[in-house]
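K.L.:
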Amino acid sequence: MPDSHVMRLSAFGAVMEIACRDPDARAACMDALPAYWQRADGAAPDVRFAIEPSGPARGGAARFQLLEAGTPRANDITLAQVARLLAQRMDYQLGAYARGCAFIHAGVVLHEGRALLFPGTSHAGKSTLTAALVRAGATYVSDDVAVIGRDGRVSLLSRALTLRADMAGDFHLPDAGGAAVLHPGSPPVGAVLVLTYRAGAPPLDLRPLSAGEAVLRLVANAMNARHQPEEVLQCCAAALALAWCGEGVRGDADAAAGQILSRMTHARPALDHPPAQDRPVLDPRGRTGGDL
1 MPDSHVMRLS AFGAVMEIAC RDPDARAACM DALPAYWQRA DGAAPDVRFA
51 IEPSGPARGG AARFQLLEAG TPRANDITLA QVARLLAQRM DYQLGAYARG
101 CAFIHAGVVL HEGRALLFPG TSHAGKSTLT AALVRAGATY VSDDVAVIGR
151 DGRVSLLSRA LTLRADMAGD FHLPDAGGAA VLHPGSPPVG AVLVLTYRAG
201 APPLDLRPLS AGEAVLRLVA NAMNARHQPE EVLQCCAAAL ALAWCGEGVR
251 GDADAAAGQI LSRMTHARPA LDHPPAQDRP VLDPRGRTGG DL
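Residue numbers are given in this note's numbering: position 129 of the sequence shown equals residue 129, and the series is strictly consecutive.
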């Protein structure tokens with residue numbers, strides 16, 4: 001029988017264990033987690049967390065420490081702080097241990113029923129471009145993660161935009177303190193654009209990417225590629241069956257956003273009926289064939 005103070009939760013195939021004997025702390029932490037975390041008491045955990053008392057209470061408030069894989073992550077913090085930090089660390093580890101999908105560092109918006117992904121590392125300008133695309137008429141999903149399933153479709157995992165309010169312009173920022181939300185639906189990928197910002201550059205200067213090149217760009221930005229390399233490769237390849245792929249430099253985000261959405265609209269007939277030779281094919285060893 002598992003200990004009553006130990007919980008195991010699963011999302012996207014990743015399993016986290018939380019050990020906490022304080023019932024109030026347990027309840028607060030559960031309330032702070034997104035709803036897509038579900039009980040998985042019999043599953044083997046990928047990462048173990050523990051919440052323990054930390055010194056005497058001050059001002060009537062208990063103090064706690066958070067341990068991750070046996071190592072203190074924070075000490076002498078309030079109940080609200082430990083709940084918030086636990087949610088952040090579980091969110092981080094979710095990307096690393098997810099199964100059956102690819103967790104990609106990428107901005108995601110929807111346009112005409114398809115997902116536009118622009119993968120990139122931190123500080124690559126994803127949040128700025130995301131806000132500009134929404135101002136241009138796209139629908140916001142996330143500015144930092146795209147979840148691609150085995151069928152190549154995108155799960156609508158939405159997180160608050162991380163852009164400063166003074167840089168977002170007219171874009172209404174989601175509640176920065178709110179938990180991530182998994183919305184219903186799984187649209188196909190309409191475009192994958194790998195863009196670098198350069199001050200003073202033309203709005204959009206793109207070259208086409210082959211399917212193989214685009215797969216490599218996605219895999220290079222996959223959070224769970226280390227633990228699930230074959231699944232990540234398969235998911236990324238499946239995503240490109242109906243996608244317009246390009247790489248290049250962008251200038252002003254608002255000017256680039258308008259051109260991107262216009263090109264997606266004009267590319268729609270070709271996306272619906274791509275030539276067979278443009279579709280990525282994997283051989284039994286998991287490699288992309290034809291154009292690598």
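Ideal placement from N, C-alpha and C gives every residue a C-beta, glycine not left out.
1) Considering only residues of the segment 173 to 256, which uninterrupted alpha helix (DSSP H) runs meet the minimum length of 4 residues and lie entirely inside it, listed in chain order?
2) Based on the DSSP output, what are the partners of leucine 161 in its beta bridges?
3) Does the beta-carbon of tyrosine 140 have 16 or more other beta-carbons within 10 angstroms, so that it is buried, or is it exposed?
4) Can at least three beta-carbon pairs, one atom from the segment 239 to 253 and one from the segment 190 to 207, be found at a separation below 8 Å?
5) Can you give the Cα-Cα distance for valine 232 and phenylalanine 64, rounded to whole angstroms?
6) Note down the Cα distance separating serine 186 from asparagine 224, rounded to an integer number of angstroms.
7) Use the C-beta contact count for asparagine 75: other C-beta atoms within 10 angstroms, 16 or more gives buried, fewer gives exposed.
8) Would you call proline 119 buried or exposed, if buried means 16 or more other Cβ atoms sit within 10 Å of its Cβ?
9) Would you mind reading off the limits of the alpha helix (DSSP H) that contains threonine 139?
10) Looking only at C-alpha atoms, which of Arg99, Ala28, Glu17, Gln38 sits nearest to glycine 70?
11) Give me, in chain order, the residues of the same chain whose beta-carbon lies closer than 6 Å to that of glutamate 52; leave out the 5 immediate sequence neighbours on both sides.
12) Are the beta-carbon atoms of alanine 211 and valine 154 separated by less than 9 Å?
13) Out of His111, Gly59, His227, Cys235, which one is the CA nearest neighbour of glycine 258?
14) Is it true that the CB of leucine 9 sits closer than 9 Å to the CB of leucine 117?
15) Taking the continuous beta strand (DSSP E) assigned at arginine 84, which residues delimit it?
16) Pick out whichever of Pro23, Leu182, Asp151 has its Cα sitting closest to the Cα of serine 158.
17) By Cβ distance, which residues of its chain are closer than 6 Å to glycine 341, with the 5 residues on each side in sequence left out?
18) Hey, quick one: how far does the alpha helix (DSSP H) through leucine 129 stretch, first residue to last?
19) Can you tell me where the alpha helix (DSSP H) with alanine 14 in it begins and where it stops?
20) Which value, in whole angstroms, describes the spacing of the CA atoms of glycine 137 and alanine 106?
21) Identify whether threonine 265 lies in helix, strand or coil by the three-state DSSP scheme.
22) Considering just the uninterrupted stretch of the beta strand (DSSP E) at proline 53, what are its terminal residues?
23) Tell me where the beta strand (DSSP E) around alanine 146 begins and ends.
24) Span of the alpha helix (DSSP H) holding proline 23?
25) Taking the DSSP output, what are the residues bridged to threonine 71?
26) Would you mind reading off the limits of the beta strand (DSSP E) that contains glycine 113?
P.N.:
For this structure:
1) If one requires a minimum length of 4 residues, the alpha helix (DSSP H) runs lying completely within the segment 173 to 256 are 211 to 220, 229 to 239, in chain order.
2) DSSP output for leucine 161 lists no bridge partner at all.
3) buried
4) yes
5) 37 Å
6) 20 Å
7) exposed
8) Looking at its Cβ environment, which holds 16 or more other Cβ atoms inside 10 Å, proline 119 is buried.
9) Careful: threonine 139 lies outside any alpha helix (DSSP H), inside the beta strand (DSSP E) at 139 to 142.
10) Glu17
11) Gln65
12) no
13) His111
14) No, Cβ-Cβ distance for leucine 117 and leucine 9 is not below 9 Å.
15) Arginine 84 -> not in any beta strand (DSSP E); alpha helix (DSSP H) instead, spanning 79 to 97.
16) Leu182
17) The structure shown does not extend to residue 341, since the chain is modelled only from 1 through 292, so no value can be given for it.
18) 126 to 135
19) Note, alanine 14: premise wrong, no alpha helix (DSSP H); beta strand (DSSP E) at 14 to 20.
20) 19 Å
21) helix
22) 47 to 53
23) Counting along the chain, the beta strand (DSSP E) containing alanine 146 begins and ends at 146 to 149.
24) 23 to 32
25) Glu68
26) Taken as a continuous stretch (DSSP letters only), glycine 113 belongs to no beta strand (DSSP E), as it is neither H nor E.
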